[in-house]
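**Q**
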Amino acid sequence: MPEIILTFEWDGKTILKETKGFIGSQCISKTKFLEDDLGKPANRRKKAEYYENKEENKEDKLKA
Amino acid sequence: MSHYVDILLEIYDRDALVRALERVGFKGKVEVHDKAQALYGYQGDARKQKAHVILRRKYVGSSSNDIGFEQLQDGRFKAHISEFESSTGQYAGGSGKYDQKWQDRLYTYYGVEKSKMSFEKKGWKYKEDVDEKQRPRLRAYI
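If you read the protein sequences in the order shown, they are chains G and R.
My numbering applies: residue 1 is where the first sequence begins, and numbers increase by one.
My numbering applies: residue 65 is where the second sequence begins, and numbers increase by one.
1. Using a C-beta to C-beta distance shorter than 8 Å, which residues of chain G count as neighbours of residue 85 of chain R?
2. Excluding the 5 residues flanking residue 104 of chain R on each side, which residues of the same chain have their C-beta closer than 8 Å to its C-beta?
3. How would you list, in chain order, the residues of chain G whose beta-carbon sits under 7 Å from the beta-carbon of residue 41 of chain R?
4. Per DSSP, residue 104 of chain R is paired with what?
5. Suppose contacts are defined by Cβ-Cβ distances below 8 Å. Is residue 207 of chain R in contact with residue 173 of chain R by that definition?
6. Let's test the definition: count the other Cβ atoms within 10 Å of the Cβ of residue 132 of chain R and tell me whether it reaches 16, buried, or not, exposed.
7. Are the beta-carbon atoms of residue 82 of chain R and residue 117 of chain R separated by less than 8 Å?
8. Give me the Cα-Cα distance between residue 64 of chain G and residue 26 of chain G, rounded to the nearest whole angstrom.
9. According to DSSP, is residue 169 of chain R part of a helix, a strand, or is it coil?
10. Using a C-beta to C-beta distance shorter than 7 Å, which residues of chain G count as neighbours of residue 176 of chain R?
11. Rounded to whole angstroms, what is the Cα-Cα separation between residue 191 of chain R and residue 108 of chain R?
12. Along the chain, where does the alpha helix (DSSP H) containing residue 124 of chain R start, and where does it finish?
13. Considering only DSSP beta bridges, list what residue 143 of chain R is partnered with.
14. Cutting at 8 Å between CB atoms, please list the residues of its own chain near residue 78 of chain R, excluding the five before and the five after it.
15. When burial is assigned at 16 or more other CB atoms within 10 Å of the CB, is residue 176 of chain R buried or exposed?
16. Pick helix, strand or coil for residue 14 of chain G, following the three-state DSSP scheme.
17. Using a Cβ-Cβ cutoff of less than 7 Å, which residues in the same chain neighbour residue 101 of chain R once the five nearest sequence positions on both sides are dropped?
18. Run the CB neighbour count on residue 12 of chain G, radius 10 Å, all protein chains shown included, and call it buried at 16 or more, exposed below.
19. Between which two residues does the beta strand (DSSP E) containing residue 192 of chain R stretch?
20. What separation, rounded to the nearest whole angstrom, lies between the Cα atoms of residue 184 of chain R and residue 165 of chain R?
21. Comparing alpha-carbon positions, which option in R/161, R/199, R/186 and R/138 lies nearest residue 146 of chain R?
See below:
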């Protein structure tokens, strides 16, 4: 099930947004409303999982 | 696909600000106005600052001034907190109850409440807890 985890730093400025279980670039498009509502995004970092999925997708394509 | 994003928080939403103020001890004590109202000092004197969201001095503490949040033309809220309450400048050593740490805590809860409102608007379910570092955390599901 797609999930968003928001962790709030006590500095009153920074929110860490982590997404799980989204397909493809949905993790950005489906959760963009939060950035629109809360403020400006900074330091976007892709998780290792992103690259793993990319490798898996590549393998799937090769198998097909 | 997954990723992390650090979002730099800005305060634009009046209702979320009120909910945050309620979380830091002002439940049922927050004044909200469409038109900015005068803030009053500890002697009952009207100050030049005005605000749309106000904590009156009777709730702020003894010998205190009103605390207010004024919505600027670009929609952002600016806090008006006197030097006595925030213990800066010549009043360092004042009550200090509403110092930078308190303001950071308030703005953190603003982020939590604003996020909840965003999830509610989208029809997402969420749970609030704290992580291992005791930071507020929201988990939301479609």
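We put the CB at the ideal spot given by N, CA and C, even for glycine.
**A** In this structure, then:
1. Under the 8 Å cutoff, chain G gives no residues; its nearest Cβ is about 13 Å from residue 85 of chain R.
2. 110, 111, 120, 121, 129 and 130
3. One cannot answer for residue 41 of chain R here, as it falls past the ends of chain R, which runs 65 to 206.
4. R/110
5. Here chain R covers residues 65 to 206 and nothing more, so residue 207 of chain R does not appear.
6. buried
7. yes
8. Confidence is the limiting factor: at residue 64 of chain G the pLDDT is only 37, short of 50, which leaves the residue's position unreliable and the question unanswerable from this model.
9. helix
10. 8
11. 43 Å
12. 121-124
13. R/133
14. 96, 116, 117, 135 and 141
15. buried
16. strand
17. 114, 115 and 118
18. buried
19. 189-194
20. 29 Å
21. R/161
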